[in-house]
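**Student:**
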Amino acid sequence: MDERTRYFRRLKRLRGSARRWSVLGGGLTAAAAVLTPYAGIGVADAVWAAAAGSSVMLAWWRWSDHRELAAQPAPAPSLPETRLAAALERFPAGRTVVQEVRRQKNRFALRGSVIADSWDRLERASQTMAGLAGRLTGEGQAAVLEAATAEKWLRDLGQRAASVERAIPLGQGGRRDALVESHAGLAEQFSEGVEAFEALVAAAASYVAEDGQPLVDTRHPAYFSLVDAADRLRGIAEGLAELRTTEFRTPPAAAG
60 MDERTRYFRR LKRLRGSARR WSVLGGGLTA AAAVLTPYAG IGVADAVWAA
110 AAGSSVMLAW WRWSDHRELA AQPAPAPSLP ETRLAAALER FPAGRTVVQE
160 VRRQKNRFAL RGSVIADSWD RLERASQTMA GLAGRLTGEG QAAVLEAATA
210 EKWLRDLGQR AASVERAIPL GQGGRRDALV ESHAGLAEQF SEGVEAFEAL
260 VAAAASYVAE DGQPLVDTRH PAYFSLVDAA DRLRGIAEGL AELRTTEFRT
310 PPAAAG
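Following this line, the structure appears as structure tokens:
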């Protein structure tokens, strides 16, 4: 649900609530005004009056909330592709498709750019880090947060460098030279950042590899369990084969 739809649903809900409390407050106030003069002020009349006053106050609060929300500008309508992407991202498979489409879109926008190769390296490192994130436990969880922050910064830096590069042909004279110099600095900073990100991913992979190794032997304890189970089954099979091939002789009966 986009923000515009949520806004109008909330506005409609407040309007309906204000109307209901207004009708209820009006009815209770009228009942209290009619019944009190005939029977005097008793316990029941006090309840009627309290309910009427509470309903009127709630109606006033609901109308105030409605006016305050109605005074705010409605959010702009979302684009059709935005609604489609939001619907697809509700499912794991759809989320994967949307992310891949976005990656291809960003890659297409950077075609022919100086930073295109570095951007591809960033994509590969990002996908590798996503696969390692679930296995980084303990101290390794800090690396996941660092990687997410660094990736966001690098993507913004890469888009900025590509935008400056596209603007270089539009510059004239000294302005063009200034753009070229600025772009060179951004591209160098982006390349160095990608190298540092790749080093972080490599360190995370080393952590995952070492975390999965036993402390004493290089082989996992499950390996020895498999070997023991195989030996037991092999022994049972050999015993059964020996029983099948052994001839049993019945001793002759004793003479009577």
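Residues 60 to 315 in this note's numbering are what the sequence shown lists, from first letter to last. All C-beta atoms in this analysis are idealised placements derived from N, C-alpha and C, irrespective of residue type, glycine included.
Taking the straight line between their C-alpha atoms, what separation do you get for Pro228 and Ala206?
**Tutor:** When rounded, the distance between both Cα atoms is 34 Å.
**Student:** Indicate whether Leu195 and Ala184 have their beta-carbon atoms separated by less than 7 Å.
**Tutor:** No, Cβ-Cβ distance for Leu195 and Ala184 is not below 7 Å.
**Student:** Could you say if the segment 251-258 and the segment 207-216 meet the contact criterion of at least three C-beta pairs nearer than 8 Å?
**Tutor:** Yes, the segment 251-258 touches the segment 207-216.
**Student:** Which value, in whole angstroms, describes the spacing of the CA atoms of Gln186 and Leu285?
**Tutor:** The alpha-carbon atoms of Gln186 and Leu285 are separated by roughly 33 Å.
**Student:** Indicate the three-state DSSP secondary structure (helix, strand or coil) for Arg69 in the structure shown.
**Tutor:** Looking at Arg69 - three-state DSSP - the assignment turns out to be helix.
**Student:** In this structure, does DSSP put Leu195 in helix, strand or coil?
**Tutor:** If DSSP states are grouped into helix, strand and coil, Leu195 belongs with coil.
**Student:** How is Gly315 classed by DSSP in three states: helix, strand or coil?
**Tutor:** Confidence is the limiting factor: at Gly315 the pLDDT is only 45, short of 50, which leaves the residue's position unreliable, though a coordinate-based value still follows. If DSSP states are grouped into helix, strand and coil, Gly315 belongs with coil.
**Student:** Compute the beta-carbon to beta-carbon distance between Ala221 and Leu169, rounded to the nearest angstrom, for a pair I have assumed lies under 8 Å.
**Tutor:** Indeed, because the Cβ distance is near 5 Å, the residues count as touching under 8 Å.
**Student:** Exposed or buried, what is Ile174 when buried is set at 16 or more other beta-carbons lying within 10 Å of its beta-carbon?
**Tutor:** Result: buried.
**Student:** With a CB to CB cut of under 7 Å and the five nearest residues on each side skipped, what residues in its chain are close to Val239?
**Tutor:** Counting only Cβ-Cβ distances below 7 Å, and skipping sequence neighbours, we find Ile227.
**Student:** Among Arg65, Arg72, Leu117, which one has its Cα closest to the Cα of Gly85?
**Tutor:** Among Arg65, Arg72, Leu117, the Cα nearest to that of Gly85 belongs to Leu117.
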